[in-house]
Amino acid sequence: MRAVIATAAGGPEVLSVHEVPDVEPGPGEVAIAVVATAVNRADLLQRQGFYPPPPGASEVIGLECSGTIAAVGEGVEQWSVGDEVCALLAGGGYASRVVVPAGQVMPVPDGVDLVTAAALPEVAATVWSNVFMVAGLKPHEGFLVHGGAGGIGTFAIQLASALGARVFTTGGTAEKLAFCASLGADVTINYRDEDFVEAVKAATGGGGVDVILDNMGAKYLQRNVEALATEGRLVIIGMQGGIKAELDISVLLRKRGAVIATSLRSRAADQKAAICASLVELVWPLVAEGLVRPIVHGTMPLDDVVAAHELMESGEHTGKIVLTV
1 MRAVIATAAG
11 GPEVLSVHEV
21 PDVEPGPGEV
31 AIAVVATAVN
41 RADLLQRQGF
51 YPPPPGASEV
61 IGLECSGTIA
71 AVGEGVEQWS
81 VGDEVCALLA
91 GGGYASRVVV
101 PAGQVMPVPD
111 GVDLVTAAAL
121 PEVAATVWSN
131 VFMVAGLKPH
141 EGFLVHGGAG
151 GIGTFAIQLA
161 SALGARVFTT
171 GGTAEKLAFC
181 ASLGADVTIN
191 YRDEDFVEAV
201 KAATGGGGVD
211 VILDNMGAKY
221 LQRNVEALAT
231 EGRLVIIGMQ
241 GGIKAELDIS
251 VLLRKRGAVI
261 ATSLRSRAAD
271 QKAAICASLV
281 ELVWPLVAEG
291 LVRPIVHGTM
301 PLDDVVAAHE
311 LMESGEHTGK
321 IVLTV
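All residue numbers for the sequence shown refer to the UniProt record's numbering, where the first residue is 1 and numbers rise by one.
Okay, structure coming up:
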């Protein structure tokens, strides 16, 4: 099979496609003949040597894929060879074949083609598990997602809007913020020109938002807490802005707020299976109805993986970057 191998930790240039031995499913697993995968921010971190895969996971980069079932392991009854699927992976997606626990495999939503489906599993699982299963966002609550034009942001805006929340987002250009508004963002904030805390307070009469999904980490910690409403919930899923920060605990206490840090990749297989089952039951119907859709900036062949990583690092994309295998 073909797979992208990083020859060392470093820039995009360390990535190249090689022939490697085929992988075969064990008990409770399936093998997928990969049609497409997608680039995620975590892939860049892994390439740089900062985000190793969990124990037992493939060293090949790639957290999601779409394709057809190529083989099923012992005890797998819900999938058959030839089924078209998408899957949430702990690794291995940048390849022509991948093995994954059967519970992390999902049908392709109605109305979504097989290539585009590769852009769904990671963002859908991240947004659904953190914003709704962990933070418990409710209809009519205020929700802020940073970086609304990215893969996570475009999905979060649509899903929160479809389920009745008032959506706030940040972005760096007028064009990206206009696109976020077209997806359902009620309040858009240019972080280059505005203090997002002041913008949130102005739009809420000083009350703040109920849930914040944050990929910045340390850089935004104190300001995120200041932007929370009473009993607000801050969910941190990334560290693009650093790993260490000071926090005025008195502000958090006055708000009776919660700061939650989560990681999807390192969760146990049964937890990931529960998230995937919830997606199929509660989110896939919204995708099928067209209320939520995967936003794909563009597709590139797997052999152009270096250019795909360069595009992701530039920040000039909107939505997901898909690699076809």
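Even for Gly, the Cβ is constructed at its ideal location relative to N, Cα and C. Computed from a predicted structure; not experimentally measured.
Give a yes or no on whether the C-beta atoms belonging to residue i and residue j are separated by under 8 Å.
i, j, result
"residue 328", "Ile61", "Residue 328 is absent from the structure shown; the chain starts at 1 and stops at 325."
"Val322", "Leu302", "no"
"Thr126", "Leu279", "no"
"Ala273", "Gly91", "no"
"Ala119", "Val296", "yes"
"Glu226", "Val197", "yes"
"Ala149", "Gly164", "no"
"Arg2", "Ser96", "yes"
"Arg293", "Gln158", "yes"
"Asp123", "Gly151", "It is worth fixing the name first, because residue 123 is Val in this sequence and not Asp. Cβ atoms of Val123 and Gly151: closer than 8 Å."
"Val209", "Leu253", "no"
"Lys219", "Gly238", "no"
"Gln240", "Asn224", "no"
"Ala71", "Ala31", "yes"
"Leu311", "Ala162", "no"
Quick one: using the 10 Å Cβ neighbour count with 16 as the cut-off for buried, is residue i buried or exposed?
i, result
"Val251", "exposed"
"Gly298", "exposed"
"Leu247", "exposed"
"Thr169", "buried"
"Glu29", "buried"
"Ile212", "buried"
"Arg41", "buried"
"Lys320", "buried"
"Glu141", "buried"
"Ala156", "buried"
"Val129", "Checking the displayed sequence, the identity of residue 129 turns out to be Ser instead of Val. Ser129 should be labelled buried."
"Val98", "buried"
"Ser66", "buried"
"Ser58", "buried"
"Gly290", "exposed"
"Pro25", "buried"
"Phe132", "buried"
"Gln46", "buried"
"Pro101", "buried"
"Arg166", "buried"
"Thr7", "exposed"
"Arg192", "exposed"
Hey, residue i and residue j are a contact pair by Cβ (cut 8 Å); roughly how many whole angstroms apart?
i, j, result
"Ala33", "Glu64", "Contact flag wrong, Cβ pair sits at about 15 Å."
"residue 328", "Pro109", "The first residue shown for the chain is 1 and the last is 325, placing residue 328 beyond what the model contains."
"Val235", "Leu15", "Their Cβ separation, rounded to whole angstroms, is 31 Å, which puts Val235 and Leu15 out of contact at 8 Å."
"Ala245", "Leu221", "4 Å"
"Glu281", "Arg256", "About 32 Å separates the two Cβ atoms, so there is no contact after all."
"Val17", "Val115", "Contact doesn't hold; Cβ gap of about 18 Å is too wide."
Taking only three categories from DSSP, how would you classify residue i?
i, result
"Met312", "helix"
"Phe143", "strand"
"Ser278", "helix"
"Ala3", "strand"
"Ser96", "coil"
"Lys255", "helix"
"Val235", "strand"
"Leu137", "coil"
"Pro301", "strand"
"residue 407", "Within the shown structure, residues of the chain are numbered from 1 to 325, placing residue 407 beyond reach of any answer."
"Ala261", "strand"
"Gly148", "coil"
"Ile157", "helix"
"Pro294", "coil"
"Val306", "helix"
"Ile249", "helix"
Would the C-beta of residue i count as close to the ligand FMN, meaning under 7 Å from any of its heavy atoms?
i, result
"Thr170", "Of ligands this structure carries none, so the ligand FMN is not represented either."
* Where are the alpha helix (DSSP H) runs, 4 residues long or more, that stay fully inside the stretch 161-218, in chain order? -> 174-183 and 196-203
* Tell me the start and end of each unbroken beta strand (DSSP E) in the stretch 105-135 that is at least 3 residues and wholly inside, in chain order. => 105-107
* To do: Tell me the start and end of each unbroken alpha helix (DSSP H) in the stretch 15-75 that is at least 4 residues and wholly inside, in chain order.
  => 41-47
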